Structures are given as structure tokens and as C-alpha cells.
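By this note's numbering, the letter at position 99 of the sequence shown is numbered 100, and the numbering carries on one by one without gaps.
For every residue, glycine included, the Cβ atom is placed at its ideal position computed from N, Cα and C.
On a predicted model such as this, the values are computed, not experimentally measured, just so you know.
The structure under discussion appears below in the form of C-alpha cells.
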Amino acid sequence: MANQIPEETIEEVRKANDIVDVIGEYVQLKKQGRNFFGLCPFHGEKTPSFSVTQEKQIFHCFGCGKGGNVVTFMMEMESFSFYEALKFLSNRSGIDLPDSGIKRETSLSQENQSILEAYEWLTKLYHHLLRFTKDGKEGYSYFKDRGVDDDSIDEFQLGFAPNVKDFTAEFLSKKGFHQQLLVKAGLISVKDDNSVTDRFRGRVIFPIRNHLGKTVAFGARSITDQGPKYLNSSESELFQKSKLLYNFDLAKRHIRKESEAVLFEGYMDVISAYQAGIKNVIATMGTALTESQAKLLKRYVDTVIICYDGDQAGLEATYKAANLLQKSGCIVKVANLKGNLDPDSYIKEYGSDDFKDKVIKASDTYTSFYMRYLKKDYNLSLESDRIEYIEKVLKQLAMIDSSVEREYYLKDVSNEYNISITTLMDEVKTIRQKIGYHEDKRDKNRYTNKAVNFSRNKKLLPAFQNAERQLLSHMLQDDYITAKVQQEIGAGFNLNEHKIIATHLYAYYEEGHPADVSQFIEKLTDESMKQLVSEIAMNPVISDISDKEINDYIRIIRAETGDKNNIKTLKEQRKIAEQENDPIKAAQIAMQIIEIQKQLKNSN
2 MANQIPEETI
12 EEVRKANDIV
22 DVIGEYVQLK
32 KQGRNFFGLC
42 PFHGEKTPSF
52 SVTQEKQIFH
62 CFGCGKGGNV
72 VTFMMEMESF
82 SFYEALKFLS
92 NRSGIDLPDS
102 GIKRETSLSQ
112 ENQSILEAYE
122 WLTKLYHHLL
132 RFTKDGKEGY
142 SYFKDRGVDD
152 DSIDEFQLGF
162 APNVKDFTAE
172 FLSKKGFHQQ
182 LLVKAGLISV
192 KDDNSVTDRF
202 RGRVIFPIRN
212 HLGKTVAFGA
222 RSITDQGPKY
232 LNSSESELFQ
242 KSKLLYNFDL
252 AKRHIRKESE
262 AVLFEGYMDV
272 ISAYQAGIKN
282 VIATMGTALT
292 ESQAKLLKRY
302 VDTVIICYDG
312 DQAGLEATYK
322 AANLLQKSGC
332 IVKVANLKGN
342 LDPDSYIKEY
352 GSDDFKDKVI
362 KASDTYTSFY
372 MRYLKKDYNL
382 SLESDRIEYI
392 EKVLKQLAMI
402 DSSVEREYYL
412 KDVSNEYNIS
422 ITTLMDEVKT
432 IRQKIGYHED
442 KRDKNRYTNK
452 AVNFSRNKKL
462 LPAFQNAERQ
472 LLSHMLQDDY
482 ITAKVQQEIG
492 AGFNLNEHKI
502 IATHLYAYYE
512 EGHPADVSQF
522 IEKLTDESMK
532 QLVSEIAMNP
542 VISDISDKEI
552 NDYIRIIRAE
562 TGDKNNIKTL
572 KEQRKIAEQE
582 NDPIKAAQIA
592 MQIIEIQKQL
602 KNSN
């Protein structure tokens, strides 16, 4: 519980974790004015409406309404309890939480906690066996033969599971883990005779970690004739390979730094590239890229370089992945591996520098790749095939918004097939008109124009409601203004939620707390109230607002309150007149009510 941890410790942890840095580990943020914008991680959107302010240390999504401070974000993002969120942030910033008197709440079931502990024990055990014992020599030799050095073995916690039937089962049994749990976790298998056997025995181990760095599964490779060649842990609540990317926990900070991610198909490709000095690398796990993985990448980065095997199967997989990433809004580049090699083999044959300079840095654009990919379906020595190929290429080029980019590729087609650039441009223009494209009708800057206009597109609020929100926004940042408002109108706001916020603010300042929106949000227990405060705090305010402007807000609020009270009194008087059978007086009062309501409507 929050009140079991000293308030000063909570504040120390919160202030040690800048909200832009923390959220930046989950969302690609781009600065616009004083705030940062990105795609909201809590609901699907194509236009950024998720705003983070470093100055106030809060976030708010104008799309779904979620908002709060850095602790709130971690609770929402990871489904953490308050303690787990604070523990994560304290570990991140190197601050120790007190050990005693704290209930260690967790959002995980007891079973999932036990599974994570079992994987943690085995990760350490298998790695130790590989690096330091005779039992792991066979696995160690395999990695050495593949060119993996000790630093990489340690970095990726590579391991080896001895070829002993019940080695893992016995080890974990001594640690207090039940057999049924280990079967469910996919660590041991039950045979027809009800005997158990280690699922990964005799294989080298690749720990698969989630984005928080916790091992949730193993990928294992046979180093003998034992089949299958690759074997993963069975899917579970903790491990869904369609949603995870191998090495994402280590790569994400490098992805942000480089502003691009390099996507591979296999573990060894990632390890070889990482060892070669390319750190922004991730991989799918034996399956095609999924929509979920593509959306995850888009949240972190704009540009993804696909570096799959250079054979025909790799080419087909690249095409599917590229289309999926483009659909998710990513800019796609495609590495071109010569000689039908896979990335790991290429690095070994040509070296790290060659791979960096001639493969990764020299990646094709999606359009160049598509033109190359399309050629496999045609015999370009035949006139009919050439014409059909060119027509398909033109349809693809017609979908490009940039006229400069279109002309660049049209020149290539013109030079290669000796067709005038004018003819090609006319054809593309015709295709664009047919499919409904119009020139200069594209978004020029998604992260500025739309983000700025978002709040303008919302329904206009009544004058008194705007006044209350503006006043509260100033109160959140200035205890002097709060004291003035408290003296003038107290809790006399018109909207109940505004009354509640004001009342909490009065108490907050009276306890001696500073004007700190993030800290104030921490004091609130109602989630909807936290979200409303974060939304109000995002309002731009005048830093040196005058007493006259504050008084104007108060006057508008009082006028609304007074008129509403007048209406209430008049309605009571009309009711009495009706009861006394005085229709003329009742009608006169009704006209007064209508007149006040009309004035209220006009003033709004």
C-alpha cells in the first residue's frame, strides 16, 4: 500500500525518474513546443494524442483520457501494483526501498511468480554449467565454433542443459517447485508412462526475456542429431511468441538512440550483429512477423530495417514483414544480403565492417526492394512480361505521396526500359486520379499539425467551465492563487469534480506541500480524478497572471452559481404560485426563468 512506504521515499523515487525518460522507454516521443507527443500505448491510434510534460512531470492522452505521473504510468503500462511500480522505478534509479513494514503487493498470480522464479534459477544454472563446468563443455564448444565470444555468452546469458533425463526436474524439486507447475511452464515433459523428462536436455539454451528483462521462456537448439533442431518453451500467459521480440529488452535503448531497429529472423543473427557492434537488433522467434509485433515496433521507432536470409524463403518473408510494418506506419528499409547468406554467415564471411557498411547502411528503400522482389515473377527478356512488370511498378509508385520520390524511381524505370519520363509520369498521374489521390493533400507533419489541433477539435465548453478549468490549472501551480480562490469562493465551483479537486488542493497546500502537480496526483486515490487533474494541468497558463485576470475567472464562476441559485429560487416560487392557483404570477415567474436561461446560454 502507498501509505506503508514513507512519503519522502516515494517522492525521492518519483523525482529520480524523469517522466520523459521513463515513458520514452515505451513510446517514441517527439518534442513539440514545451511538451512531448507520441502514439498512446493504451489505445490504438494513428495520430499522436498522447502528451507528456517534463516541466510538470505528468502525462495525458487527449484520446482515451488516461493521465497521471510516472508511478501512475507504470501501473497502467505494466498492470503493476503501486508497490511493484515503485519497486521498478527505485531499481531503475538505484534507490533502496525499506525492507520492513511494507506489503509487497503484486499483480502476478502466485503461479506465474513461481514460474518466473523457476526460469530465473534455470537461466543462472544453465549459464553457469556452460561457462564453468565440464558438463557444459559441449555447449560451450558449440558457441565458440559459431564465433560467439565470452562477453556475448554472458550478455545473452546463453546456457546448456545437460543430456540427463531428470536433471532439471530434480534441481527445481530441491528448490521447492512442484512437478505439475514445471510441466505447465514447459520446462519438463510427461511421458506416456507418467515419467518426467527434461524438455531441453542436451541442447544449448537461449533465454527469452520480456521487455523488463525477465526470462519467460527458453529457445533451445539441438547440437547433435536430436530433433527437432529448434525447440521453444510452450506458450503461456507469460510467453506469447507472437507478441515478444528476442533481445528487445537490451535493444530498446539502442533503438531509441539510433532512431531505427534492425529486424532479424533468428537468435544467432541477433547475437552476431550485437557482437559486431550493431546493438539495435531484435528478432522474431521462428514465426513470421505479427501485427502485434509490428505495432510494438511502431510505438518505439519510425524506421525498421529488415535483414532476413538472402534465399527465396527469406525474400518472401521479407515482403510479408515489410507490408505489415508499412501498414503499421513504419518506414521500411530492406538489407540486401548477397550470395543467399543469412546475416550470421555473412558477418563471418565478410566481417563486421562490411556488414555494417554494405548491408545495414546500404539498405534499400521499400520501393527499391519491391521493384527487385517483383522481378522474380517475370521473364524480362519477353516484351509482354516487361510491359506487365512496368505496369505493376507504376501502380506501386502511384501510391507514393512525394512527387520528388516518385520522379526519382520513374527515372530509373525510364533509363532501364527506354521509356520517356513524360509518358511514365502521365501514366502515374492517371493511376493516382483513378484511385482517388490528390496532390498536396497529405499530412506534412503528423507530430505537430494534428497534435496541436487536437484540443481545438473538441466541443467548446461553456464560459464558466473554461473559467473553472483555467483557475484550477493556475491553482495546481501556485499556492498563492489557491489561497486567494479559497478565500473568495472556497468550494463554490459549479461542477462537482472541480469542487473535489479544489477541496483536495486546499488540504494539500495546508499540509505544507509544494506546488507540484505530479506529487499532488500521487495523493489522489480515485483514478478518474487523477486523469482529470492531468488533463486540466496540461492547459497552457500565463506564468505572470494578474490579480485582475484571476478575479475575472472568479466573477464568471460566481455569476454562473448566482444565476443557477436564482433559477432554483424562482422555480420554488413558481411552484407555490401554482399551488395557490395564481396562474398569472406563475407565468410571470416562468418568463423570468426563461430570460435568465437565455442570458446563460448567450454568455456560454
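Expressed to the nearest angstrom, what Euclidean distance is found between the alpha-carbon atoms of R447 and L40? Residue confidence for R447 is low, a pLDDT of 43 falling below 50, so the modelled location carries little weight; the figure read from the coordinates is stated next. So the two alpha carbons sit approximately 11 angstroms from each other.
Tell whether a beta-carbon distance below 8 angstroms holds between F37 and V53. yes
Terminal residues of the continuous beta strand (DSSP E) containing H61? For H61, the uninterrupted beta strand (DSSP E) segment begins and ends at I59 to C62.
Name, in chain order, the residues that DSSP records as bridge partners for S52. F38 and H61
Report the start-end ranges of each beta strand (DSSP E) in the stretch 285-347 that is 3 residues or longer and not cut off at the edges. 304-307 and 332-335
Assuming S283 contacts F249 under a Cβ cut-off of 8 angstroms, what Cβ separation, rounded to an integer in Å, is found between them? A small fix is needed here, since residue 283 is Ile in this sequence, not Ser. With 8 angstroms as the limit, I283 and F249 qualify as a contact, their Cβ atoms being about 5 angstroms apart.
Distance between M592 and R300 (C-alpha atoms, nearest Å): 57 angstroms
When the Cα of R556 is compared with those of V165, V71 and I490, which residue comes out closest? Ranking V165, V71 and I490 by Cα distance to R556 puts I490 first.
Drop a sphere of 10 angstroms on the beta-carbon of Q58, count the other beta-carbons inside from all chains shown, and report buried for 16 or more, exposed for fewer. With 16 or more Cβ atoms within 10 Å of its Cβ, Q58 is classed as buried.
Proximity below 8 angstroms, CB of E266 to CB of V302: no
For the stretch 243-285, which segments carrying the beta strand (DSSP E) assignment without a break, of at least 3 residues, lie completely within its bounds, in sequence order? 261-265 and 282-284
Any chance the CB of K357 is under 7 angstroms from a heavy atom of the ligand GTP? Ligands are entirely absent from the displayed structure, and the ligand GTP is therefore not among its contents.
Closest to F63 by CA distance: which of T169, S535, L123 and L381 is it? S535
Should A162 be flagged as near chain B, meaning a C-beta pair shorter than 8 angstroms? Protein chains in the displayed structure number just one, and chain B is not present.
Nearest to R1 by CA position, among Y374, K242, D343 and D136, is which residue? The requested residue 1 does not occur in the structure, where the chain is confined to residues 2 to 605.
When you compare the CB positions of K88 and E77, do they come within less than 8 angstroms of one another, or not? If you check the CB distance, K88 and E77 do not come in under 8 angstroms.
Does Y27 come out as helix, strand or coil in the three-state DSSP assignment? coil
According to DSSP, is R457 helix, strand or coil? With a pLDDT of 40 at R457, under the threshold of 50, the modelled position of this residue cannot be trusted; read the value that follows with caution. Note: R457 maps to helix in three-state DSSP.
Report yes if the CB atom of I116 is closer than 8 angstroms to the CB atom of A162, and no otherwise. no
Neighbour-count burial assignment, I585, 16 or more Cβ in a 10 Å radius: exposed
Where A218 falls: helix, strand or coil (DSSP): strand
Please classify A1 as buried or exposed, where buried requires at least 16 neighbouring CB atoms within 10 angstroms. Nothing can be reported for residue 1: it is not among the residues displayed for the chain, which extend from 2 to 605.
DSSP-derived helix/strand/coil call for V165: coil
For L130, I'd like the list of residues in its chain whose CB is within less than 6 angstroms of its CB, leaving aside the five on either flank, ordered along the chain. D136, G137 and F161
Starting from the Cα of S544, find the closest Cα among K531, L506, V429 and I482 and give me that residue. Looking at the Cα atoms, I482 is the closest of the given residues.
Compute the Euclidean distance between the alpha carbons of A516 and Y510, then round it to the nearest angstrom. Each residue's alpha carbon lies about 8 angstroms from the other.
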